[in-house]
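Just so we're aligned: the sequence shown equals residues 759 to 1131 in this note's numbering.
Written out below as structure tokens is the structure these notes cover.
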Amino acid sequence: MRIFMLLNLAFAFVFFVVVSISNAATLPETIRIAIVKNSTSVTIDGDGILATRENGEAVAFETPINVRPGKDCVVVNGINYRGLLFSAPSVVYVNSKPYRGVAEISLVDKGLLVVNELPLEDYLVGLINCEISSAWPIEAIKAQAVIARTYALNRKESRKNALYHLESSVIDQVYDGCLIEDSRARRGVMETAGEVLTYNGAIIQAFYHSSCGGKTESSENVWGASLPYLKGVDCQYCLTAKNSAWEQKLALKDIEDKLKNAGFSVSGVKNVRAGIRNNRGRLKSVLIDSARGETEVAGDQFRKAIGYGVIKSTNFTVKVSNGEASFSGLGNGHGVGLCQWGSKQRALDGFNYAEILSYYYPGTELKKLSEIR
Ligand SMILES: [Zn+2]
759 MRIFMLLNLA
769 FAFVFFVVVS
779 ISNAATLPET
789 IRIAIVKNST
799 SVTIDGDGIL
809 ATRENGEAVA
819 FETPINVRPG
829 KDCVVVNGIN
839 YRGLLFSAPS
849 VVYVNSKPYR
859 GVAEISLVDK
869 GLLVVNELPL
879 EDYLVGLINC
889 EISSAWPIEA
899 IKAQAVIART
909 YALNRKESRK
919 NALYHLESSV
929 IDQVYDGCLI
939 EDSRARRGVM
949 ETAGEVLTYN
959 GAIIQAFYHS
969 SCGGKTESSE
979 NVWGASLPYL
989 KGVDCQYCLT
999 AKNSAWEQKL
1009 ALKDIEDKLK
1019 NAGFSVSGVK
1029 NVRAGIRNNR
1039 GRLKSVLIDS
1049 ARGETEVAGD
1059 QFRKAIGYGV
1069 IKSTNFTVKV
1079 SNGEASFSGL
1089 GNGHGVGLCQ
1099 WGSKQRALDG
1109 FNYAEILSYY
1119 YPGTELKKLS
1129 EIR
């Protein structure tokens, strides 16, 4: 009898070990996204919300739950917690938006930080309609799924000790929860499940942008770091898109105020001129004539100061008359890596996602994560 029990115990132990190992091998890859930062109030809601403290102990709350910042803690109903984690059988609503996975709230620099941790593939499904449209050809959706997965995993690796891996804005990749998921977005993600772009066996820095306006940019021109797969390629494909050319009119006073806010000493701006262009056709510098003389502002700094959404690219010309600067430009974004509108046109032209990706990231190889880990 005792031997039988021991055998049973041994069997149970082996079973436990085998199950644990196989679970570890099949656990989905997860990603951590900052969805709310520096907030003074966060509301959590949803069906069957489970709240836990940082030590894993469950806490009972009535929904909706209002979380506020305290002194070195977060506060709910007047009670202090070091941090709180919220999960639900389906989705957790954070400030009325639904998210898959869990939402973690902590205090960072006097404000609330909410991190959404969820399976990487679910994150990608939510992201598709933030970055492009799932109405685009399926091969363009698949290309977007691969680069978003590649970009996210590269960031995860470089920020593995940080509170989160990615911002939910254009700083990294736009992500707004699961409300705008749909079946085509999921299909694009599933048909490329686990696929990433690699160079010499390592996951690449898969930068991408909205439209390049004729030529993609080299990473060296934007960030100073030369990468063999981000040298820039020709891309006339995005020029068919209605938004590839842009115009903008701004009062010189407006430009002056924005440049001053960004720390440039340019009182009495009289003229704005294009400076020299780089080898990809974009402006290395913009010249500002003011009462203080000529000030040279780096092209990207100029865009940043005036607003990335106002000056959509550094590929522009500018004319000044009657105190107003008229900008005419091509492309939208930094121009490095895949051109999303170009990719759409390539897909309409009959190219598949692997061909689209190898065009914009020359020398890279498409691999399954399981092949490189
Ligand atoms: Zn393009």
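Quick reminder that beta carbons are idealized off the backbone N, C-alpha and C, glycines included.
CA-CA distance, residue 782 and residue 867?
Caution applies to residue 782, whose pLDDT of 46 falls short of 50 and renders its modelled position unreliable; the model cannot decide the point.
Shortest alpha-carbon distance to residue 1009 belongs to which of 1000, 1027, 998, 918?
For residue 1009, the nearest C-alpha among the options comes from 1027.
Roughly how far, in whole angstroms, is the beta-carbon of residue 898 from the beta-carbon of residue 1025, given that I think they are within contact range, below 8 Å?
Not quite, the Cβ-Cβ distance comes to about 47 Å (not below 8 Å), so this is no contact.
Do the stretch 907 to 919 and the stretch 854 to 870 meet, that is, are 3 or more Cβ pairs less than 8 Å apart?
no
What separation, rounded to the nearest whole angstrom, lies between the Cα atoms of residue 1062 and residue 1070?
10 Å
Helix, strand or coil, according to DSSP, for residue 840 in the structure here?
coil
Closest by C-alpha distance to residue 978, when choosing among 948, 1042, 910, 971:
1042
Report buried or exposed for residue 994, applying the criterion of at least 16 other Cβ atoms within 10 angstroms of its Cβ.
With fewer than 16 other CB atoms across the displayed protein chains lying within 10 angstroms of its CB, residue 994 is exposed.
If you draw a straight line from the C-alpha of residue 819 to the C-alpha of residue 808, how long is it?
About 9 Å.
Closest to residue 1037 by C-alpha separation, out of 834, 839, 989, would be which residue?
989
For residue 813, count neighbouring Cβ atoms within 10 angstroms of its own Cβ and tell me buried if that reaches 16, exposed if not.
exposed
For the stretch 968 to 1023, which segments carrying the beta strand (DSSP E) assignment without a break, of at least 3 residues, lie completely within its bounds, in sequence order?
1003 to 1009
Please list, following the chain, all residues that have a C-beta closer than 5 Å to any non-hydrogen atom of ligand 1.
For ligand 1, the residues with a Cβ under 5 Å from any of its heavy atoms are, in chain order, 970, 993, 996, 1097, 1100.
For residue 776, count neighbouring Cβ atoms within 10 angstroms of its own Cβ and tell me buried if that reaches 16, exposed if not.
Below a pLDDT of 50, predicted positions are generally treated as unreliable, and residue 776, at 43, falls in that range; the measurement from the model is reported next regardless. Counting of Cβ neighbours within 10 angstroms places residue 776 among the exposed residues, the total staying below 16.
Which residues in the same chain as residue 1004 place their Cβ atom closer than 6 Å to its Cβ, once the five residues preceding and following it in sequence are excluded?
Closer than 6 Å at the Cβ level, and outside the excluded window around residue 1004, lie 1070, 1087.
What residue from 929, 883, 976 has the CA that sits closest to residue 938's CA?
Among 929, 883, 976, the Cα nearest to that of residue 938 belongs to 883.
Mind checking whether the beta-carbon of residue 863 lies closer than 7 Å to any heavy atom of ligand 3?
By its list of ligands, the structure shown excludes ligand 3, since it contains just ligand 1.
Can you list, in chain order, the residues of its chain whose CB lies under 6 Å from that of residue 833, leaving out five sequence neighbours each side?
826
Assuming residue 1087 is part of the beta strand (DSSP E), what are its boundary residues?
1082 to 1088
Around the C-beta of residue 1128, are 16 or more other C-beta atoms found within 10 angstroms, so that it is buried, or is it exposed?
Residue 1128 comes out exposed.
So for residue 947, helix, strand or coil by DSSP?
helix
In whole angstroms, what is the alpha-carbon distance linking residue 935 and residue 1080?
Roughly 46 Å between the two C-alpha positions.
Rounded to whole angstroms, what's the CA-CA distance from residue 804 to residue 931? Just pull it up for me.
26 Å
Residue burial classification, residue 1052 (beta-carbon count within 10 angstroms, cutoff 16)
Burial state of residue 1052 is exposed, judged by a 10 Å Cβ sphere holding fewer than 16 other Cβ atoms.
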